[in-house]
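For reference, the structure discussed in these notes is given below.
Residue numbers (UniProt numbering): 1 to 86.
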C-alpha cells in the first residue's frame, strides 16, 4: 500500500513500480491468496494453505489467516484477500 499512497518520509527509497508476478491458474488451483508482508513475514506458503484447508468461504479464510498471523506476533499491518475457485 505504501507504493499506492506514498510515504513522505521514505519517498526517495520506495519505488512506485509494483512487483508483478504471473502465475498459471489451472484446474488444480484451489485458491489465490493476496496478502501483505504482515502475513508473509510469519507464515510460509505451506502454512497458509494448511491454515485454510477445509474453509469454504473466502471471507472466513481471510479472517482465519489474519487471526493466525496476529497470534504469531506479526510485526506489521496485515491485508489479506482470498479468492477461491469452486
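C-beta: ideal position from N, C-alpha, C; glycine also.
- Query: Nearest CA to the CA of residue 36: which residue from 69, 84, 53, 22?
  - Reply: Per the Cα distances, 69.
- Bounding residues of the alpha helix (DSSP H) (the contiguous stretch that carries residue 43): Unbroken run through residue 43: none, as it is neither H nor E.
- Task: Have a look at 85, 81, 12 and flag the residue whose alpha-carbon is nearest the alpha-carbon of residue 145.
- Result: Limits of the chain in this structure are 1 at one end and 86 at the other, which puts residue 145 out of reach.
- Query: According to the Cβ coordinates, are residue 48 and residue 33 closer than 8 Å?
  - Reply: yes
- With a threshold of 16 other CB atoms inside 10 Å of the CB of residue 44, please say whether the residue is buried or exposed. exposed
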